[in-house]
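Chains as they are written, first to last, in the UniProt record's numbering: chain P, 1 to 450; chain U, 1 to 450.
Note that beta-carbon positions come from the ideal geometry of N, C-alpha and C, so glycine has one too.
Remember, it's a predicted structure, so these values are computed and weren't measured experimentally.
Right under this line is the structure:
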């Protein structure tokens, strides 16, 4: 039963802001989840947004600010003083705080940090700022519940109660030794069902998955998914417990990764959204279009080289867009399947088997399509048998070659440590367009002998 | 620190199976996570896989079976009796159990269910089989911890300990009334920090998000992401608590959704993987290729209609693949951005604003590309100024039209309740190819007057 933000609702809020009715607004918004208020903020004017941020308490506004789109957040933060930002930051978990603060200038970061009253919190945030955002360190939060293996359950529960106050969600209780080295974990469930007199040493689970602060965010996502983990502890080079990553942070990584592959396949070179500026959108789109344009030049030259065929077989030129389109479509299909297989680590079997599979599939598709082409072409478009055979053979050849290229270019890129998704979309379409036209006219020359 | 499955390791296992060394195998595999054993099973022969499944205890093999790819699982289950399957199923949470059992025939389902000893478990699984897999009911598990609002904390803790034995992960404690109607929740953290003498009525949080059993799985995913929930209770039409969905189930929904959009953009009409059979892959790919082929026929006819231009301006025909490719690429880019925006509910602003934005972006891209085309075309390819102007104007027009189509077709489909991702890929490329060629030759006729 999600809350529905209607136009009427937003207008009502805008009206209350215009009339400066603080109490009514406070009463209305008290019922609304911060994620919904964040959506409302995205819809209203800047001055209205600032009004609401300044009106509400910082325990709510901090969460709202963490939810906002980056662009909106940047604007809102510009409207707040360093002290005000520090107040928001103080309410957030260290990972969210570090994410927000990292968007500020170095000078402002220092100012904001100096205004954070809780020194421990400030120190943790500064530590997190050190890590690259695409690593485990960039994802983790410092908030976690840890106990010393040398404690007994009684001390443990007391300590945990204190620590749990700081932690939004308790997933696991991590067990460390005197040097803070991660030794294992204690599940909450075990704690619920174990007698309070037991010693930690005797009760904790000695096996615990962990990742290193420098591990790649995507690898962390894969591990957490594979082993069905809701949280994973992060250790430094010495094995000391430095943070933990929860599944909700991983959801974003997984989503972004899948969306990035899709955008690359569509010829968009960086993470953009429909509501980014025209300039950002153009920057993401133009490079691929220029690549496609140069590919187009190559096909213009190839076709120019076969100009002498125009007098005898003009119909050949009518089929070039069809052949090029089929080559492009087949290539994109093949590459998409492989890129997803690589992303999910689900490709099995030898290269030779894969080649065989692509070729047999292409033959199957190719013969069906060629049969349709032959019958439709000869009965409805009415061209010569020789031309029909030429186009049909070209179609089958082009489909086979395009699918082999679509399959193996991503595999080769992946082997060399390059993101295979790069090879999908415009790159595959353009190269297959060119190759398709070249194969088509070469076969035509061979059969028709112009 | 994930476990690395090497070729050597798999060979060693295969050798041990060949030599029938049960004890050594058991010892080796005792150290390995079930998710890793599932990966090993995918790599080895069928008879070897069955050997391992029969060797290990059902508390491990049940988890392995739940992790397997659908195809492998189907095969493995064929090698087990209904009684053996029932043993596996009995170890699993109800949601995983229902997922596996739903793949069997109706007759076998009955047999398997009849062999499950825990009647409550069997009843729960049968209930879950009723729901469509794309709904909240299809995602939820029956395992949850619930307490009655009329209990006191002492009864509550006692009951919870018993219930917690059944539940793998305790997220929230749900509070119901005497009629099982969901009233609110109790957080584990609160329980850790609250005195044991408090009455539940006085301590539980009266606000709790929930979804209906019939809600769409994707909507559940959106709600859980938006409100940062790790678990959400599921209620029936009367508001009675019937199950709960956890974030790890949602991770799969999110991933599948993003992958589906990508596959659609690549012209693959159903969820396939690289290791599916040739027949399944062809079924997923051929329909789009046939669509593209018919689109190709249309472009053949259009070009045929402009045959008279061939004598005077053969170079025009050399440019058709370039124009078609640019139209296709631009259309795919625009539609991908909109489809992702729709999927994330992040599109804001009026249609008119969006139109304006697309047109200004296209003009920007179009002018840059036309300038490159003019200079490259005239200096290197050496064609007449009139032809250059014709191609350049066509290019800009085609880019504008293609981006408008790419933007608004997904929006219109979405308005009508059709998955907008359908409009990306081959559909957009094909229609933009055709339209591009038509616009190009119409403009050429207007300027060059052939």
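Would you call the CB atoms of residue 421 of chain U and residue 292 of chain P closer than 7 Å?
No; because the gap between Cβ atoms is not below 7 Å, this pair is not in contact.
Using the C-alpha atoms, what's the distance from residue 103 of chain P back to residue 435 of chain U?
Within the model, the alpha-carbon separation for residue 435 of chain U versus residue 103 of chain P is close to 44 Å.
Whole angstroms is fine: what's the gap from residue 433 of chain U's alpha carbon to residue 289 of chain P's?
Roughly 15 Å separates the two Cα atoms.
For residue 347 of chain U, which residues in chain P fall below 8 Å Cβ to Cβ?
274, 275
Tell me, please, whether the CB atom of residue 289 of chain U is closer than 7 Å to any CB atom in chain P?
yes
Put residue 172 of chain P into one of helix, strand or coil per three-state DSSP.
strand
Taking Cβ positions, are residue 137 of chain U and residue 213 of chain U nearer each other than 7 Å?
yes
Residue 112 of chain P and residue 85 of chain P closer than 7 Å at C-beta
yes
Using 7 Å as the limit for Cβ to Cβ distance, is residue 216 of chain U near chain P?
no
Within a Cβ cutoff of 8 Å, which residues of the same chain sit near residue 51 of chain P, ignoring the five residues on either side of it in sequence?
17
Residue 326 of chain U versus chain P: which residues are under 8 Å apart at the beta carbon?
The contacting residues are 289, 292, 293, 296.
Looking at chain P, is there any beta carbon in it that lies within less than 7 Å of the beta carbon of residue 28 of chain U?
no
Which of the three DSSP states, helix, strand or coil, is assigned to residue 5 of chain U?
coil
Excluding the 5 residues preceding and the 5 following residue 284 of chain P in the sequence, name in chain order all residues of the same chain whose CB lies nearer than 6 Å to its CB.
Cβ-Cβ distances below 6 Å link residue 284 of chain P to 268, 269, 270, 272 in the same chain, with the five nearest sequence neighbours on each side left out; the list follows chain order.
Using a Cβ-Cβ distance cut-off of 7 Å, determine whether residue 258 of chain P contacts chain U.
yes
Just reading off the beta strand (DSSP E) that residue 187 of chain U is part of, what are its end residues?
182 to 187
Can you tell me whether residue 446 of chain U is helix, strand or coil according to DSSP?
helix
Which same chain residues end up closer than 6 Å to residue 215 of chain U when comparing Cβ atoms and leaving out the 5 residues on each side of it in sequence?
136
What residue does the alpha helix (DSSP H) around residue 137 of chain U start on, and which one ends it?
Residues 136 to 139.
Close-in-space but distant-in-sequence residues of the same chain around residue 439 of chain P (CB under 7 Å, 5 per side omitted)
394, 397, 398, 401
Using only alpha-carbon positions, find the residue among U/48, U/406, U/372 that is nearest to residue 354 of chain U.
U/406
Is the segment 255 to 269 of chain U touching the segment 326 to 339 of chain P in the sense that three or more CB pairs, one from each, lie closer than 8 Å?
yes
At least one CB of chain U closer than 7 Å to the CB of residue 278 of chain P: is that the case?
yes
Here's a check: name, in chain order, each residue in its chain whose Cβ is nearer than 8 Å to the Cβ of residue 229 of chain U, leaving out the five neighbours to either side.
Counting only Cβ-Cβ distances below 8 Å, and skipping sequence neighbours, we find 209, 223, 247.
For residue 23 of chain P, count the other beta carbons within 10 Å of its own beta carbon; 16 or more makes it buried, fewer makes it exposed. Which is it?
exposed
Inter-residue spacing [alpha-carbon to alpha-carbon] between residue 455 of chain P and residue 366 of chain P
In the structure as shown, chain P starts at 1 and stops at 450, and residue 455 of chain P therefore has no counterpart that could be examined.
Bridge partners of residue 233 of chain U, per DSSP?
Per DSSP, U/244.
Under 7 Å between the Cβ atoms of residue 391 of chain U and residue 441 of chain U?
no
DSSP beta-bridge partners for residue 212 of chain U?
The partner list for residue 212 of chain U (beta bridge, DSSP) reads U/235.
Sequence ranges, alpha helix (DSSP H) only - wholly within the segment 283 to 307 of chain P, length at least 4:
Note on the segment 283 to 307 of chain P: there is no whole alpha helix (DSSP H) run with a minimum of 4 residues.
So which of U/404, U/388, U/430 has the shortest CA-CA distance to residue 443 of chain U?
U/388
Going by beta-carbon coordinates alone, are residue 91 of chain P and residue 118 of chain P separated by less than 7 Å?
no
Taking only three categories from DSSP, how would you classify residue 38 of chain P?
helix
Just checking, does the segment 145 to 152 of chain P make contact with the segment 250 to 261 of chain P on the three C-beta pairs under 8 Å criterion?
no
Leaving out the 5 sequence neighbours to the left and right, which residues in its chain are closer than 7 Å to residue 373 of chain P when beta-carbon positions are compared?
The answer, listed in chain order, is 391, 392, 395.
Quick check: is the beta carbon of residue 285 of chain U nearer than 7 Å to any beta carbon in chain P?
Under the 7 Å criterion on CB atoms, residue 285 of chain U is classed as interfacial with respect to chain P.
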